[in-house]
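Shown next, in structure tokens, is the structure this report addresses.
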Amino acid sequence: MHSEPGVLGPATRTACVRSFLQRLFREKPLGAACGVVFVLFLLVGICAQWIAPFGMNEINPINRLKPPSWQFPFGTDNLGRDMFSRCLHGAQLSVIIGISAASLATLISVLIGIVSGYLGGKIDLFVQRFVDAWMSFPDLVILIVVVSVVGPGMPQIIVTLGMLLGIAGSRIIRSAVLSVREHMYVHAAQSIGASTVRILWRHILPNVLPPVIVLFTTRVGAVILAESGLSFLGLGVPPPAPTWGGMLSGTGRTFMFQGPWLALAPGLCLTIVVYATNMFGDALRDLLDPRMRGSR
Amino acid sequence: MQAYIIRRLLALVPTLFLASVIVFVTVRLIPGDIIDMMLSQNDVSASKLSRDQLVEALGLHRPMWNQYLRWAGAILLHGDFGRSLWQNEPVSDYLLARLPVTFELGIMSLAVALVVAIPIGMYSAIRQDTSGDYVARSFSILMLSVPSFWIGTMVMVFPSIWWGWSPEVKFVAFSADPLQSLKQMLIPAVILGTALSAVTMRMTRTMMLEVLRQDYIRTAWAKGLSERLVVLRHALRNALIPVVTLIGLYAPLLIGGAVILEQIFVIPGMGLLLLDAVNQRDYPIITGVFLVLGVSITLINLAVDLSYGLLDPKVRYR
Chain S
1 MHSEPGVLGP ATRTACVRSF LQRLFREKPL GAACGVVFVL FLLVGICAQW
51 IAPFGMNEIN PINRLKPPSW QFPFGTDNLG RDMFSRCLHG AQLSVIIGIS
101 AASLATLISV LIGIVSGYLG GKIDLFVQRF VDAWMSFPDL VILIVVVSVV
151 GPGMPQIIVT LGMLLGIAGS RIIRSAVLSV REHMYVHAAQ SIGASTVRIL
201 WRHILPNVLP PVIVLFTTRV GAVILAESGL SFLGLGVPPP APTWGGMLSG
251 TGRTFMFQGP WLALAPGLCL TIVVYATNMF GDALRDLLDP RMRGSR
Chain V
1 MQAYIIRRLL ALVPTLFLAS VIVFVTVRLI PGDIIDMMLS QNDVSASKLS
51 RDQLVEALGL HRPMWNQYLR WAGAILLHGD FGRSLWQNEP VSDYLLARLP
101 VTFELGIMSL AVALVVAIPI GMYSAIRQDT SGDYVARSFS ILMLSVPSFW
151 IGTMVMVFPS IWWGWSPEVK FVAFSADPLQ SLKQMLIPAV ILGTALSAVT
201 MRMTRTMMLE VLRQDYIRTA WAKGLSERLV VLRHALRNAL IPVVTLIGLY
251 APLLIGGAVI LEQIFVIPGM GLLLLDAVNQ RDYPIITGVF LVLGVSITLI
301 NLAVDLSYGL LDPKVRYR
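Structure, rendered in structure tokens:
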């Protein structure tokens with residue numbers, strides 16, 4: 001809560017960001033390093049087709065099941081496809097799904113959280129009962145059921161994951177709104193007759209921004225993990241799309257006993273990216289929103 | 001206390017109602033035609049069901065509210081979840097056979113999670129901000145980030161390449177041979193349990209840190225008790241009470257994780273039932289599994305909330 005809403009000029013804002021980054025690197029070196037990994041992951045995802053030495057589905061029968069070497073750093077699979085290139089393209093899919101589903105989830109969380117938390121009363125009660133009921137289903141089970149009806153594919157997964165995590169995350173935003181709602185400047189705005197929409201937009205939203213940013217970061221990790229689980233079960237983005245989860249399942253699985261490197265690379269990519277995202281989110285939380293420390 | 005229990009049970013009604021609506025709406029209302037999906041499966045030609053017969057069998061020609069009431073009413077009054085579309089056996093038979101298997105895996109994973117997490121969390125708290133604490137906390141986030149299906153895959157692949165050993169995948173029911181059954185579930189339970197231990201560890205640590213600053217702990221130190229007694233008898237027992245709530249929080253994670261691990265280790269629980277049903281587009285089974293899992297989790301959470309008062313005399317039910 002270090003900023004008054006709407007009074008920062010662009011120059012102060014840049015200074016603010018710079019001093020924040022300095023604090024991040026000084027106080028949370030591991031979190032900052034993970035932030036760097038996270039940014040690298042985004043860059044790799046965006047530039048995958050220019051970095052990757054081979055196409056994602058470039059089949060080369062002579063080089064099938066080659067162990068890792070200088071030419072093929074992660075080895076090749078049963079069709080002679082370069083695993084390194086496939087992992088890079090997998091990063092691209094993860095970036096697309098991760099960022100878009102996490103954005104959608106954050107948007108939904110903010111909408112539900114702000115409305116339910118600020119308006120309170122009967123609306124809040126009803127919305128919270130609904131969120132209760134919704135959260136009593138395991139994420140993966142909802143995903144499987146929805147995909148069984150709409151069929152697998154990227155847009156369906158983004159929308160479903162976004163809704164799923166969005167509804168669950170609304171609790172965090174709601175609790176932040178509940179405390180902001182009682183501040184003097186909100187009462188002041190109410191007393192001069194500002195409209196509800198204006199209060200929500202100009203006073204509540206800017207002041208719950210720290211938890212929103214933290215929520216977004218941790219959601220990216222959660223989305224990537226959930227999508228890979230779904231692809232692993234064969235219900236995610238259909239093959240031959242090189243998703244990290246998909247590479248660990250399907251036909252690849254039968255060849256892992258001949259080429260164990262097939263089991264390593266995609267899993268390692270997943271773990272590193274999700275770990276970096278979680279650690280980065282944790283560091284952001286500690287710096288931005290000390291009240292949420294230790295809660296997860 | 002009694003008034004509280006009654007109020008909680010009453011509050012259960014709207015939650016369960018909303019949950020059943022969510023289940024119903026998710027399966028019936030999402031764009032995408034169930035019938036077309038089912039007809040696109042090749043087994044349909046074998047079962048000789050025409051489109052109209054399918055609509056009739058699923059009752060889809062009735063209005064939506066009527067469908068919901070029939071569906072919910074049959075479950076409430078007769079425990080009737082409908083019949084499997086392909087095997088034509090009652091869905092409730094499948095659910096009754098599979099639910100205990102998933103529960104066994106879940107309870108074992110929970111035990112593993114607690115056994116791993118509580119000592120580490122305790123250590124982390126009494127040695128706060130040492131390198132040991134830092135390693136333990138980073139490790140816990142690491143465990144949260146490793147996908148369990150990747151570990152499961154590696155457990156299947158590498159021991160078999162190196163030592164020619166692979167986990168047993170022929171399922172033994174608990175009622176048939178309890179020891180063998182537990183042994184067989186040990187590996188998936190350890191994988192799932194370590195993943196969950198991360199959250200418990202952090203919670204234990206936070207709670208321990210809070211309790212260690214209390215006056216009665218200072219008193220315990222002041223009267224010259226050993227560190228062992230202070231930590232184990234005075235601090236840990238108080239710190240662990242909130243950790244119980246985690247069990248309720250875990251229920252969805254345990255069941256969600258079980259779905260994937262059941263697939264890898266071929267354990268015929270609810271997860272495998274769901275995945276098989278999804279592959280066959282067997283909607284009565286999908287709906288049944290979906291509903292039963294949601295209701296189980298709601299009931300587990302209720303039980304956790306109620307037991308909280310028994311464990312912690314300071315809690316007053318309003």
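For the protein sequence lines, the chains are S and V, in the order given. Using our numbering, read the first sequence as starting at 1 and increasing by one per residue. Using our numbering, read the second sequence as starting at 1 and increasing by one per residue. Note that beta-carbon positions come from the ideal geometry of N, C-alpha and C, so glycine has one too.
Apart from the five residues just before and just after residue i, which ones in its own chain have a Cβ nearer than 7 Å to its Cβ?
{"i": "V/V230", "result": "I217, A220 and W221"}
{"i": "V/L272", "result": "E262 and Q263"}
{"i": "S/F54", "result": "D82 and S85"}
{"i": "V/I247", "result": "L110 and V304"}
{"i": "S/D282", "result": "G31"}
{"i": "V/D133", "result": "S124 and R127"}
{"i": "S/S295", "result": "Here S/S295 scores only 41 on pLDDT, less than 50, and its place in the model is too uncertain to base an answer on."}
{"i": "S/G267", "result": "L248"}
{"i": "S/I51", "result": "V44 and L88"}
{"i": "V/E89", "result": "R83"}
{"i": "V/M207", "result": "A239, P242 and V243"}
Enumerate in chain order the residues of its own chain whose CB-to-CB distance from residue i is below 8 Å, with the five nearest sequence positions on each side excluded.
{"i": "V/A46", "result": "The pLDDT assigned to V/A46 is 46, lower than 50, so where the model puts this residue is not dependable; a value taken from the coordinates is nonetheless given after this. Answer for V/A46: no residue qualifies."}
{"i": "S/T106", "result": "G166, G169, V212, L215, F216 and R219"}
{"i": "S/L235", "result": "L143, I144, V147, S148 and P152"}
{"i": "S/L140", "result": "A226, G229 and L230"}
{"i": "V/V21", "result": "Y68"}
{"i": "S/S3", "result": "Legend: pLDDT at S/S3 = 44, less than 50; position of this residue unreliable, value from coordinates given subsequently. For S/S3, where only same-chain residues beyond five positions count, the Cβ hits under 8 Å are C16 and P206."}
Under 6 Å Cβ to Cβ from residue i, same chain only, skipping five residues before and after it: list those, please.
{"i": "S/S116", "result": "D124, V127 and R174"}
{"i": "S/N278", "result": "G221"}
{"i": "V/I151", "result": "I191"}
{"i": "S/A101", "result": "I158, L161, G162 and V223"}
So with CB distances below 7 Å, who are the chain V contacts of residue i?
{"i": "S/L225", "result": "P147"}
{"i": "S/G229", "result": "P147, F149 and I260"}
{"i": "S/G166", "result": "Here the premise fails: no neighbours, minimum Cβ distance about 15 Å."}
{"i": "S/F41", "result": "None at all; the shortest Cβ gap to chain V is about 13 Å."}
Out of the options, which has the shortest C-alpha to C-alpha gap to residue i?
{"i": "V/A19", "options": "V/L299, V/T194, V/G294 and V/Y94", "result": "V/G294"}
{"i": "S/V197", "options": "S/V95, S/A32, S/L111 and S/V39", "result": "S/L111"}
{"i": "S/Q49", "options": "S/V36, S/Q22, S/L205 and S/F84", "result": "S/F84"}
{"i": "V/M203", "options": "V/S124, V/Q180 and V/L232", "result": "V/S124"}
{"i": "V/L105", "options": "V/D305, V/F158, V/L182 and V/H78", "result": "V/L182"}
{"i": "V/E210", "options": "V/L76, V/H234 and V/A195", "result": "V/H234"}
{"i": "V/I260", "options": "S/I272, S/S228 and S/P266", "result": "S/S228"}
{"i": "S/A226", "options": "S/W70, S/L79, S/G98 and S/L30", "result": "S/G98"}
{"i": "S/R202", "options": "S/V186, S/I192 and S/P210", "result": "S/V186"}
{"i": "V/W163", "options": "S/F20, S/F257, S/N60 and S/R26", "result": "S/F257"}
{"i": "S/M184", "options": "S/C47, S/G162, S/N207 and S/F255", "result": "S/N207"}
{"i": "V/L310", "options": "V/Q280, V/I187, V/D129 and V/I241", "result": "V/I241"}
{"i": "V/L196", "options": "V/R98, V/P252, V/E56 and V/L179", "result": "V/P252"}
{"i": "V/L10", "options": "S/I272, S/I199, S/S136 and S/R129", "result": "S/R129"}
{"i": "S/A276", "options": "V/L144, V/L95, V/P188 and V/I285", "result": "V/L144"}
{"i": "S/S94", "options": "S/S136, S/P67, S/F137 and S/L161", "result": "S/L161"}
{"i": "S/L262", "options": "S/V131, S/G90 and S/P68", "result": "S/P68"}
Who are residue i's beta bridge partners in DSSP?
{"i": "V/P90", "result": "V/R83"}
{"i": "S/T76", "result": "S/D82"}
Which residues in chain V sit within 9 Å of residue i, going by Cβ to Cβ distance?
{"i": "S/T271", "result": "L142, S145, V146, P147 and W150"}
{"i": "S/A263", "result": "W150, T153, M154, M156, V157 and F158"}
{"i": "S/I172", "result": "None at all; the shortest Cβ gap to chain V is about 14 Å."}
{"i": "S/V274", "result": "L144, S145, V146 and P147"}
{"i": "S/L248", "result": "P147, F149, W150 and T153"}
Starting from residue i, find everything on chain S with Cβ-Cβ shorter than 8 Å and list it in chain order.
{"i": "V/S138", "result": "L30 and M279"}
{"i": "V/G121", "result": "Residues of chain S passing the Cβ test: none, with the nearest at roughly 11 Å."}
{"i": "V/R281", "result": "S148"}
{"i": "V/I285", "result": "In chain order: nothing, as chain S lies at least about 11 Å away."}
{"i": "V/V27", "result": "V145 and V149"}
Cβ closer than 8 Å: which chain V residues qualify as neighbours of residue i?
{"i": "S/P260", "result": "V157, F158 and I161"}
{"i": "S/D282", "result": "I141"}
Can you pull the chain S neighbours of residue i, defined as C-beta to C-beta under 7 Å?
{"i": "V/Q263", "result": "L233"}
{"i": "V/G294", "result": "S136 and F137"}
TODO: May I ask you to list, following chain order, the residues of the stretch 146-161 of chain S that have a beta carbon less than 7 Å from some beta carbon of chain V?
DONE: Interface annotation for the stretch 146-161 of chain S against chain V: V146, S148, V149, V150 and G151, criterion Cβ-Cβ distance under 7 Å.
- [ ] Report the residues of the stretch 122-141 of chain S with a CB closer than 8 Å to any CB of chain V, ordered along the chain.
- [x] Going along the stretch 122-141 of chain S in chain order, one finds R129, F130, D132, A133, W134, M135, S136, F137, P138, D139, L140 and V141 with a Cβ nearer than 8 Å to chain V.
Task: Contact set between the stretch 84-95 of chain S and chain V, restricted to residues whose Cβ is under 8 Å from the partner - done: Correct list: empty, as no residue qualifies.
Task: Proximal residues, the stretch 8-23 of chain V versus chain S, C-beta separation under 7 Å - done: Taking 7 Å as the Cβ-Cβ cut-off, the stretch 8-23 of chain V approaches chain S at P14, T15, L18, A19 and I22, given in chain order.
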